[in-house]
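Encoded as structure tokens, the structure appears first; notes follow it.
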Amino acid sequence: MMTLCVVAAGIGLAWLALILGALVYKGLSGVSLAVFTEMTPPPGDAGGLLNAIYGSVVMTIIAVIVGTPIGVLAGTYMAEYGRFSKLTTIVRFINDILLSAPSIIIGLFVYELMVRPMGHFSAIAGAVALAILVIPVVVRTTEDMLNLVPNALREAGTAIGAPRWVVIKSVAYRAALSGIVTGILLAIARISGETAPLLFTALNNQFWSSNLNAPMASLPVTIFQFALSPYEEWQQLAWTGALIITLTVLGLSIFARSLTGRREDR
Amino acid sequence: MSAVQEALPAIKGSRDATVRRFALTDTIFHAATRAAAILVLVLLGGVAISLFAGSWQALSTFGFSFLTTESWNPVTEKFGALAPIYGTIITSAVAILIAVPLGIGIAIFLTELCPRPLRRPIGMAVELLAGIPSIIYGIWGLFVLAPFLQTTVQPYIIWLFHGVPGLNNLFAGPPYGIGLLTSAMILAIMILPFITSITKDVFDTVPSVLKESAYGIGCTTWEVTRRVVIPYTRIGIMGGVMLALGRALGETMAVTFVIGNAHRISTSLFAPATTISATIANEFTEAVGDLYTSSLVALGLILFVITFLILAIARYMLMRIDARTGA
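Chains G and C, in that order, give the protein sequences.
Numbering-wise (our numbering), the first sequence opens with residue 2 and increments by one.
Numbering-wise (our numbering), the second sequence opens with residue 3 and increments by one.
Here it is as structure tokens:
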């Protein structure tokens, strides 16, 4: 019976190796400078992914700028001001549900909230959808990390006459900083691969666009479109884009883990 | 001396001002954090309300029959959600069947068998699987797994079971490669890390005294796992499985690639089908007419309600195990 468990672990690891192997094998052959310097091509032509990469970066940055402060503040309330209040229990429960809610639902929500009233798809709607995905991740890690800060530190701060918000800002945040940063990095890792919430918010764009009020290309949506197309050049670009996303996401999560990992060792 | 006395009111005045300023800032900061916390609640409420408002037209047109009708016809504007609901439930159920034994097996391996130096790297590798975006699983499923199943596995299984009653319906039809089973397999890979990491975490909550007493009366590792660890952590494991089920039900991109997007209910696991999320992803931007859009939002509402219930149950179970360990 225990042998079966070893087999199970073997299958799990082999599966991971198979996926990464296929990804590197198929994606690497398409990596060239053109991928990063040229626009997405029309069917049957060679080209790159520049506008898609640009769109992904822009929307991710806006989402992080919008979502992080809200998430950190909410996490702060739950761990500091309202640690024992009823509101915290409810918010924690709802936040956990938001954390694993299907992202396509968030896409539909933002469609009803922004795209329909505005009458057109836009990059800003895509960024808002991503921001809604950032918030629960940041809330969760901020609360967890602030809860780990020893109360003796806070009491020491209060004892020298610092008001609550100074204690939070200069003691609790500082002690929990690496953990909070980890949460933000994990949130970035999560949204950089999200496709479903962008499908009907930011839509897609074949051309270069930096207009936030217009549809914007993104790497995941471009991969989706190109992979399902019958054109070989597009499929190759999809694999290459998939490799870029995976490396980014894996890099971010390994970096994020190493931040907290060091803390645990200490 | 007199200089100090002269300065005192000024110091006292500035001290009062400072205290007032501090108190004000604290009130503002307190209110800001509270508002952010409430915003999280508003978000979920907003999702529910907007989905309900968006799907009102479809729900009032079709009524309850929306849930029980199989036909999905944009031309005649007759929409029913039965086929996507069926596809969603079947793919998720099969995925759970595949992933739960594997996930628990890996968790047992990691907590009981694995040599200590390998524990962290292997645990991390499994968790990295969770971080890979779903679109990567989709593209891998479409270009690698589906052709492999189509040419190698499916013809063999169809041949093997074609004379067996029951199973011949389950594994019938031309091997397309894409379809219910392929989607379920991709989902299984995707939820495996969730099941593994949660199971591993709840296994770690078992007091070592319990395990050591079992070992002390001569139990083997398997007996300790089977008779002590698993019964002790049953609720936690169930919570993890429910959480994974919630993920599987709502997973969009990976399934959209390999499900085949066919609005029909078939007994064969090899048949192309559709799920709620795949239907929305495939058709939403192409939907013409308010009723079509509204029907798609109604599908979203159904998915939202199902996953909300499943996730709420999962969280409740996991909270119970947290309460027991005092964490």
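Virtual Cβ for every residue (Gly too), placed ideally from N, Cα, C.
Just so you know, these numbers come straight off a predicted model, no measurement behind them.
For F110 of chain G, the uninterrupted alpha helix (DSSP H) run begins and ends at 104–111, by DSSP. The Cβ of A126 of chain G sits no closer than 8 Å to any Cβ of chain C. Here DSSP, grouped into helix, strand and coil, assigns F54 of chain C to helix. Against chain C, the CB of G120 of chain G has no partner CB under 8 Å away; the residue lies outside that interface. When C-beta distances to chain G are compared with 7 Å, the residues of the region 217–247 of chain C below that value are T223, W224, L245, in chain order. Here L169 of chain C is exposed: its Cβ has fewer than 16 other Cβ atoms, across all protein chains shown, within 10 Å.
The contact set of D145 of chain G on chain C, defined by CB atoms closer than 7 Å, is empty, because the minimum CB distance reaches about 11 Å. Under the DSSP definition of a beta bridge, N75 of chain C partners with C:K80.
Annotated three-state conformation of S62 of chain C is helix, per DSSP. For the pair T249 of chain G and S193 of chain G, the CB atoms are nearer than the 8 Å cut-off. Per DSSP, N212 of chain G lies in no alpha helix (DSSP H) segment and is marked neither H nor E. In the structure shown, the three-state DSSP call for F173 of chain C is coil.
In this structure, the CA atom of R122 of chain C is about 16 Å from the CA atom of A132 of chain C. Straight-line spacing of the CA atoms in P274 of chain C and T93 of chain C works out to 11 Å.
Listed in chain order, the alpha helix (DSSP H) runs fully inside the region 126–214 of chain C are 136–142, 156–163, 169–172, 182–205, counting runs of at least 4 residues. Contact annotation for G48 of chain C against chain G: F110, L114 [CB-CB distance below 8 Å, chain order]. Annotation: C6 of chain G to G107 of chain C spans about 4 Å, alpha carbon to alpha carbon. Pairwise C-beta distances place the region 227–239 of chain G out of contact with the region 6–23 of chain G, as fewer than three of them are shorter than 8 Å.
With respect to the 8 Å criterion, M79 of chain G and T89 of chain G are classified as neighbours on the basis of their beta carbons. For the region 130–160 of chain C, the residues whose beta carbon sits under 8 Å from a beta carbon of chain G are, in order, L130, L131, G133, I134, P135, S136, I137, I138, Y139, G140, I141, W142, L144, F145, V146. Between the region 177–192 of chain C and the region 214–222 of chain C there are fewer than three inter-stretch CB-CB distances shorter than 8 Å, so the stretches are not counted as touching. Of the candidates C:L104, C:L313, C:L194, C:L194 places its Cα closest to the Cα of L130 of chain C. Separation of L115 of chain C and Y55 of chain G (C-alpha to C-alpha, rounded to the nearest whole angstrom) is 46 Å.
Think of a sphere of 7 Å around the beta carbon of N96 of chain G: the chain C residues whose beta carbon falls inside it are V42, in chain order. For Y82 of chain G, the residues of chain C that pass the 8 Å Cβ criterion are H32, T35, R36, in the order they occur in the chain. Contact of G56 of chain G with chain C is not assigned, every C-beta pair being separated by 8 Å or more.
In the three-state scheme derived from DSSP, where H, G and I count as helix and E and B as strand, N205 of chain G is classed as coil. Around the beta carbon of D292 of chain C, fewer than 16 other beta carbons lie within 10 angstroms, which makes this residue exposed.
One alpha carbon belongs to Y217 of chain C, the other to L313 of chain C, and they sit about 36 Å apart.
Rounded to the nearest angstrom, the Cβ distance from L162 of chain C to A250 of chain C is 27 Å, too far for a contact under 8 Å. The continuous stretches of alpha helix (DSSP H) do not include F122 of chain G, and DSSP gives it neither H nor E.
Residues of the region 216–232 of chain G with a C-beta atom less than 8 Å from some C-beta of chain C are P221, I224, F225, A228, L229, listed in chain order.
In this structure, the beta-carbon distance from L131 of chain G to P198 of chain G falls below 8 Å. One alpha carbon belongs to M115 of chain G, the other to L147 of chain G, and they sit about 34 Å apart. S33 of chain G sits in coil when the DSSP states are folded into three classes, being neither helix nor strand. Annotation for H164 of chain C: N170 place their beta carbon closer than 7 Å to its own, counting only its chain and skipping 5 residues before and after.
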